[in-house]
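Only one structure is covered here, and it is reproduced in the block below.
Protein chains: 2
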Amino acid sequence: MANPTAAMLVIGDEILSGRTRDSNMHYLAGELTKHGIDLKEARMVSDDHAAIVAAVKHLSAAYDHIFTSGGIGPTHDDITADCIAAAFDRSIDVRDDARALLAAHYERTGSELNQARLRMARIPDGATLIENPVSVAPGFTLENVHVMAGVPSIFESMVASILPTLTGGAPLLSQTLRINQGEGEIAGPLFELAKEYPDLMIGSYPFQKDGAHGSNIVIRGTDGTQIDAAMTKLSDLFPE
Amino acid sequence: MANPTAAMLVIGDEILSGRTRDSNMHYLAGELTKHGIDLKEARMVSDDHAAIVAAVKHLSAAYDHIFTSGGIGPTHDDITADCIAAAFDRSIDVRDDARALLAAHYERTGSELNQARLRMARIPDGATLIENPVSVAPGFTLENVHVMAGVPSIFESMVASILPTLTGGAPLLSQTLRINQGEGEIAGPLFELAKEYPDLMIGSYPFQKDGAHGSNIVIRGTDGTQIDAAMTKLSDLFPE
Chain A
1 MANPTAAMLV IGDEILSGRT RDSNMHYLAG ELTKHGIDLK EARMVSDDHA AIVAAVKHLS
61 AAYDHIFTSG GIGPTHDDIT ADCIAAAFDR SIDVRDDARA LLAAHYERTG SELNQARLRM
121 ARIPDGATLI ENPVSVAPGF TLENVHVMAG VPSIFESMVA SILPTLTGGA PLLSQTLRIN
181 QGEGEIAGPL FELAKEYPDL MIGSYPFQKD GAHGSNIVIR GTDGTQIDAA MTKLSDLFPE
Chain B
1 MANPTAAMLV IGDEILSGRT RDSNMHYLAG ELTKHGIDLK EARMVSDDHA AIVAAVKHLS
61 AAYDHIFTSG GIGPTHDDIT ADCIAAAFDR SIDVRDDARA LLAAHYERTG SELNQARLRM
121 ARIPDGATLI ENPVSVAPGF TLENVHVMAG VPSIFESMVA SILPTLTGGA PLLSQTLRIN
181 QGEGEIAGPL FELAKEYPDL MIGSYPFQKD GAHGSNIVIR GTDGTQIDAA MTKLSDLFPE
């Protein structure tokens, strides 16, 4: 059976202006691969209502799971929750259980649960909360969209909260062989090998380091025995 | 006049599997911001013909410029050039000027211009070559799509080749104020400030470091005088 599919949506002006280098997509990609969910696509959009709604609608129809990061804080540019509600035509308001989480947290820390912070308790109708062990303000899942914070430590803790609840498939296995020849030398035999193993993904990634150049060949698939066999042939093709 | 718009398309299984962390999108974002081209969206797709063609068609219709990275090397998984040709319904074949570049390069380095390497001279009909000062094999521009390599050093050199030829707009300027208060404390006044300056983008980016937490407030826009004025008000609102 094929693995479940997923897409990621990274939300935030700071990513597209080059101010911040996103790390959440790379983190999620590694976690999904281990869990047996195939990340098929990632998109990055700015804090723009129409852009976010359009991306959520398209991706949630095309894949089994959508993971979003960013835009669920207390400030005026945090519009993700409203966009998710709009994409699924749901109402959104402060929800009692989310408000209670925040109230307890701010009482503990001696801060005021003011109007801005209360924005973080606004949850679309019908959503399930995602636990935030770092800073309490929850994420949420609505339909097949998992909405999480953009701060990497919080994003990663939310992924750890949600991922065990999702049905995974066969983890994607991989083995790598480093070959000290350029891609142009090895491409022919590699092409033949790829034809021989249609169920495996054989990728070639050139590198240049300290004046030398070569290729990392990565063989990926869900059948470890087949990967072993292909790796043996690969090593025979390119003995060091 | 509004700035030209752009999207980026990052192509490669290795990005979506989590093996490689993309750096090209972050690099391009910074360069475009300096050049006055607004990066509106980025997408990452795997080495899949249908996915690449669909993304190119959609993005090239929606934005002024599309920049792609990845998939133009000599191996079997390098399918970007064919996908671009397909997206614009063009034929593709080895082109004389691209072949001549490669032939001269491999003669210099004492390597053979074999069939695999010749793949890198396959250019869609009607495209313009993009110079590659690092490893010679060219990128190309077809319609409004600029097709570049995935290896960061080569990608960056190709961006440096192509960007001066594109008409830019007003560079996006930005100033940042670090405030040692959480977003929840400052969100109210910040919202009022954002309403007062509708032409500026005022973003709030929380941080947590060494147990302390606070917010970086970034004010972006093309009018430096207006940014100065807003920064002065911001500093008055939150004196240290």
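Top line first, the protein sequences correspond to chains A and B. Per UniProt numbering, the very first residue in the first sequence carries number 1; after that it's consecutive. Per UniProt numbering, the very first residue in the second sequence carries number 1; after that it's consecutive. Every residue gets a Cβ at the ideal spot worked out from N, C-alpha and C, and that includes glycine. Only a predicted model underlies this, so the values are computations on that prediction, with no experimental measurement involved.
The Cβ atoms of residue 130 of chain A and residue 141 of chain A lie closer than 9 angstroms to each other. Fully contained in the stretch 13-58 of chain A are the following alpha helix (DSSP H) runs of length 4 or more, in chain order: 13-16, 24-35. With contacts defined as CB atoms closer than 9 angstroms, residue 98 of chain B and residue 42 of chain B fail to qualify as a contacting pair. Of the residues A/146, A/152, A/112, A/193, the one whose Cα lies closest to the Cα of residue 165 of chain A is A/146.
The Cβ neighbour count for residue 17 of chain A, taken over all protein chains shown within 10 Å, is at least 16; the residue is labelled buried.
As computed with DSSP, residue 209 of chain A is found in a beta bridge with A/212. For a cut-off of 8 angstroms, the C-beta gap from residue 72 of chain A to residue 56 of chain A is around 13 angstroms, too long to register as a contact.
Shown in chain order are the members of the stretch 117-136 of chain A whose Cβ falls below 7 angstroms from a Cβ of chain B: 117. Under the DSSP assignment, residue 175 of chain A falls in the beta strand (DSSP E) whose first and last residues are 173-179. Closer than 9 angstroms to the CB of residue 32 of chain A there is at least one CB belonging to chain B. Contacts with chain A at 9 angstroms (Cβ-Cβ) include residue 115 of chain B.
Between the stretch 210-229 of chain B and the stretch 173-191 of chain B there are three or more inter-stretch CB-CB distances shorter than 8 angstroms, so the stretches are counted as touching. Listed by position along chain A, the residues whose Cβ is nearer than 8 angstroms to that of residue 172 of chain B are 17. In the three-state reduction of the DSSP assignment, residue 76 of chain B falls in the coil class. When C-beta distances to chain B are compared with 9 angstroms, the residues of the stretch 39-72 of chain A below that value are 39, 40, 41, 42, 43, 44, 45, 46, 47, 48, 51, 55, in chain order.
Shortest Cα-Cα distance from residue 103 of chain A to any of A/88, A/89, A/119, A/91 involves A/119. DSSP places residue 6 of chain B in the strand class (E or B) of the three-state scheme. Sequence-distant Cβ neighbours of residue 116 of chain A in its own chain, meaning closer than 6 angstroms and more than five residues away, are 74. With fewer than 16 other beta carbons inside 10 angstroms of its own, residue 178 of chain A counts as exposed.
Scanning chain A for C-beta atoms nearer than 8 angstroms to the C-beta of residue 220 of chain B yields 13, 17, reported in chain order.
Nearest Cα to residue 135 of chain B within the set B/123, B/127, B/150, B/229: B/150. Judged by beta-carbon spacing, residue 45 of chain A lies beyond the 9 angstroms limit of residue 86 of chain A, meaning their Cβ atoms are not closer than that value. For residue 151 of chain B, the closest Cβ of chain A is nearer than 9 angstroms. Among the CB atoms of chain A, one or more fall inside 9 angstroms of the CB of residue 190 of chain B.
Neighbours of residue 26 of chain A across chain B, judged by C-beta separation under 7 angstroms: 18, 21. Those residues of the stretch 84-108 of chain A placed with their C-beta closer than 7 angstroms to a C-beta in chain B do not exist. By the neighbour-count criterion, in which a residue is buried when 16 or more other Cβ atoms sit within 10 angstroms of its Cβ, residue 22 of chain A is buried. The CB of residue 183 of chain B comes closer than 7 angstroms to the CB of 73, 74, 75 in chain A, given here in chain order. For residue 222 of chain B, there is no enclosing alpha helix (DSSP H), as DSSP marks it with neither H nor E. Any Cβ of chain A closer than 9 angstroms to the Cβ of residue 207 of chain B would place that residue at the interface, and such an atom is present. Beta-bridge partners of residue 204 of chain A (DSSP): A/217. In the DSSP assignment, residue 109 of chain B falls within the unbroken alpha helix (DSSP H) covering 96-109. Residue 100 of chain A and residue 60 of chain A have their alpha carbons spaced roughly 30 angstroms apart. Here residue 152 of chain A is not bridged, per DSSP, to any residue. Listed along chain A, the residues sitting closer than 7 angstroms to residue 194 of chain B by beta-carbon distance are 76. For residue 147 of chain B, the secondary structure class from DSSP, reduced to helix, strand or coil, is strand.
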